[in-house]
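Number of protein chains: 2
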Amino acid sequence: MVEAALIQALPAAWDVPGSLRESMNYSLMAGGKRLRPILVLAAAEVLGGSLEAAMPVALAIEMVHTYSLVHDDLPAMDNDDYRRGKLTNHKVYGEAMAILAGDALLTQAFFSITQAHKGHGIPAERVLSITEELAIYAGARGMVGGQAADMLGEQGITKLEELAFIHTHKTSDLIVFSLRAGGHIAGATSAQLRALSEFGNAIGLAFQIQDDILDIIGDEKKLGKPVKSDEKQQKVTYPFFIGIEASEQKVKDLTIQAKEALLRAQIAHPERLLQLADYLMQRDH
Amino acid sequence: MVEAALIQALPAAWDVPGSLRESMNYSLMAGGKRLRPILVLAAAEVLGGSLEAAMPVALAIEMVHTYSLVHDDLPAMDNDDYRRGKLTNHKVYGEAMAILAGDALLTQAFFSITQAHKGHGIPAERVLSITEELAIYAGARGMVGGQAADMLGEQGITKLEELAFIHTHKTSDLIVFSLRAGGHIAGATSAQLRALSEFGNAIGLAFQIQDDILDIIGDEKKLGKPVKSDEKQQKVTYPFFIGIEASEQKVKDLTIQAKEALLRAQIAHPERLLQLADYLMQRDH
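For the protein sequence lines, the chains are A and B, in the order given.
Note that UniProt numbering numbers the first sequence so that position 208 is 208, with each residue one more than the last.
Note that UniProt numbering numbers the second sequence so that position 227 is 227, with each residue one more than the last.
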């Protein structure tokens with residue numbers, strides 16, 4: 001469903017310069033797990049919301065995630081040539097176009113959100129809450145803040161708390177947003193939104209630690225990128241601080257904690273989200 | 001009013017990495033005419049709207065304008081070292097931080113818009129229309145599309161229509177958005193919004209042509225940047241196509257056209273906007 005909707009995210013009727021459109025679509029359609037849009041849809045589903053109405057928000061979060069990867073890969077940032085086994089955006093379209101494509105994807109995300117109201121009748125009040133939360137979780141207080149802290153900290157992170165700050169904002173914030181946005185679409189109560197946040201913070205951290213573990217013991221073919229890159233870049237990670245075994249235990253503990261948060265909330269059929277938590281813990285790429 | 005509000009745009013209480021906050025504030029507070037926020041406030045005012053309620057949207061458009069300058073100045077784009085007589089963002093904070101500061105300012109703009117509802121009681125429906133329009137006018141179909149077309153066209157623009165496309169999207173779109181957004185805040189009718197769009201398109205093009213004229217015959221000290229940069233970069237401009245005299249006449253014609261559009265609409269006191277149109281035509285920097 002997400003792939004089919006992403007293909008149509010930039011309608012042919014829109015007057016967009018050809019190379020800009022190609023550059024945006026290149027990264028948007030470059031694969032990936034589509035984890036964040038799936039979390040939007042799953043959160044809407046477990047609360048009895050409409051998947052169709054949640055789709056514009058699902059697309060929005062994938063656009064934000066994609067823009068962040070395009071800008072992250074730039075020479076001035078991580079300077080990566082490959083992502084998911086394909087050339088990065090700036091290697092294909094040049095740096096200037098990659099910067100503009102990222103800017104356009106971020107802007108387009110906010111357009112997409114508004115369509116949950118205009119196209120699917122979700123009350124304007126709720127859609128405005130989603131807009132506000134995306135701006136918080138993806139901005140200076142959220143994801144971009146996490147990236148800045150990561151960059152600034154590359155010189156030397158010495159405490160696990162500093163690493164936790166970076167993980168929370170670089171990774172968990174968009175995951176928490178996705179879950180809450182799905183909740184808003186379904187008209188979630190405050191208590192349900194809190195449970196979704198708690199679930200998201202726990203699986204977000206578990207997701208990041210699992211990433212760090214896979215970078216050490218994963219299979220390059222399955223990952224689509226070279227392993228041991230953190231070690232080469234002298235990146236400080238959870239396994240670096242507490243070892244692989246304790247990191248694996250932490251992933252398990254966080255997954256249990258996430259599930260418990262969900263089970264405490266008044267959600268009739270939380271199965272889909274519980275399955276996703278297990279899938280993330282067990283993934284090998 | 002705008003300067004005072006901009007200083008408080010990133011509250012001290014927000015947990016934002018220090019250098020990111022500094023980098024954002026550096027460009028946000030680097031001066032400039034504040035034309036776009038003033039247009040938001042003036043459009044709200046002539047239609048009897050509240051300036052306080054319009055301010056979050058005024059700040060939003062200045063954030064979008066600022067982010068576009070920060071990214072435009074990057075080495076991969078225009079590679080400018082100075083803007084308004086000051087070092088550009090990446091010359092002070094480095095390229096990576098300039099990219100992130102731009103991303104954060106764009107994201108923060110959408111947060112700011114939502115506060116017109118949350119903080120000032122403008123109906124959610126109207127604020128959502130402003131959100132949607134910002135995403136259209138600032139995105140791939142708007143400003144970013146204009147920048148991409150400008151970049152792609154640098155190899156050789158041969159028609160005035162190609163130049164008009166670039167001017168419309170690079171410059172007029174944000175001006176049209178500013179006026180319409182002020183209109184939405186004040187509860188403008190469809191006819192009034194159309195008049196504001198027409199006014200904005202005309203003064204936007206006049207503004208750009210005046211910029212091109214000043215680049216040829218202006219005073220470096222007043223402009224805060226070197227003149228004849230378009231000629232040096234072999235940039236195609238209106239004066240290049242039709243000469244300075246015809247360009248000056250075009251600015252006058254567009255200003256009259258802008259005022260007439262406004263006078264045809266049912267607006268009781270359009271004075272403030274009419275004054276702004278004259279100011280823009282007569283400016284020397």
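Glycine included, C-beta positions come from ideal geometry on N, C-alpha and C.
B/M77: which of B/L179, B/A149, B/E133 and B/W14 sits nearest, CA to CA?
B/A149
Of the listed residues B/I7, B/L262, B/F177 and B/S19, nearest to A/A140 (C-alpha basis)
B/S19
Using a 10 Å radius around the Cβ and a threshold of 16 neighbouring Cβ atoms, would you call B/K170 buried or exposed?
buried
Using a Cβ-Cβ cut-off of less than 9 Å, list which residues of the region 207–240 of chain A approach chain B; keep chain order.
none
Taking 8 Å as the cut-off, decide whether the C-beta atoms of B/G182 and B/L39 are in contact.
yes
To the nearest whole angstrom, what separates the beta carbons of B/V127 and B/T107, a pair I think is in contact under 8 Å?
Rounded, the Cβ-Cβ distance is 17 Å, inconsistent with contact.
Quick one: is B/P56 near chain A, going by C-beta distance under 8 Å?
no
Inter-residue spacing [alpha-carbon to alpha-carbon] between B/P246 and B/P239
The sequence shown places Ala at residue 246 of chain B, rather than the Pro named in the question. One C-alpha to the other measures close to 8 Å.
Range covered by the alpha helix (DSSP H) that runs through A/P239
Y238 to I242
Within 8 Å (strictly less), CB to CB, does B/S19 reach chain A?
yes
Taking the CB atoms as reference points, tell me whether B/A42 and B/R272 lie closer together than 8 Å.
yes
Would you report the Cα separation of residue 296 of chain A and B/I213, rounded to the nearest angstrom?
The requested residue 296 of chain A is not part of the displayed model; chain A covers only 1 to 285.
Answer yes if the region 219–237 of chain A comes into contact with the region 192–202 of chain A, meaning at least three C-beta pairs across the two stretches below 8 Å, and no otherwise.
no
Closer than 8 Å is the cut-off here; do at least three beta carbon pairs connect the region 14–30 of chain A with the region 63–71 of chain A?
yes
For B/A164, the nearest candidate out of B/K118, B/A12, B/I209 and B/K228 (CA to CA)
B/I209
Quick check on A/K228: does DSSP put it in helix, strand or coil?
coil
For B/A5, which residues in the same chain have their Cβ closer than 7 Å to its Cβ, ignoring the five residues on either side in sequence?
M55 and L59
Tell me the rounded alpha-carbon separation between A/R21 and A/L10.
8 Å
So A/F199 and A/E133 are supposed to be a Cβ contact under 8 Å. How far apart are they, rounded?
16 Å between Cβ atoms; not a contact.
What did DSSP end up calling A/A221 once you bin it into helix, strand or coil?
Looking at the sequence itself, residue 221 of chain A is Lys, so the reference to Ala does not match. A/K221: helix per DSSP, three-state reduction.
Are the beta-carbon atoms of A/I256 and A/I216 separated by less than 8 Å?
no
Does the distance from the C-beta atom of A/I175 to that of A/A277 stay below 8 Å?
no
What residues of chain A sit near B/A43, judged by a beta carbon separation below 7 Å?
Residues of chain A passing the Cβ test: none, with the nearest at roughly 21 Å.
Are any of the Cβ atoms in chain E nearer than 8 Å to that of B/M24?
Absent from the structure is chain E; the protein chains it does hold are A and B.
Count the other CB atoms, across all protein chains shown, that sit within 10 Å of the CB of B/N89; report buried if there are 16 or more and exposed otherwise.
buried
Give me the Cα-Cα distance between residue 324 of chain A and B/Q147, rounded to the nearest whole angstrom.
Nothing about residue 324 of chain A can be reported from this structure: the residues present for chain A run from 1 to 285 only.
Report the rounded CA-to-CA distance for residue 313 of chain B versus B/I166, giving the unit in angstroms.
The displayed coordinates of chain B run from 1 to 285. Any statement about residue 313 of chain B would go beyond what the structure contains.
Own chain, CB closer than 7 Å to B/G153, minus 5 neighbours either side, in chain order:
E162 and I166
Mind checking B/P37: buried by the 16 CB within 10 Å criterion, or exposed?
buried
When the cut-off is 8 Å and only beta carbons count, does B/M29 lie next to chain A?
no
Output the boundary residues of the alpha helix (DSSP H) element that contains B/P37.
L35 to V46
Nearest neighbour of A/L274, chosen from A/P226, A/K91, A/D80 and A/L262 [CA to CA]
A/L262
Measuring only between beta-carbons, confirm whether A/R141 sits less than 8 Å from chain B.
yes
Taking all protein chains shown into account, do 16 or more other C-beta atoms lie within 10 angstroms of the C-beta of A/M24, making it buried, or fewer, making it exposed?
buried
Which of helix, strand or coil does DSSP assign to B/R83?
strand
B/P17 to B/E248 span [Cα, whole Å]
47 Å
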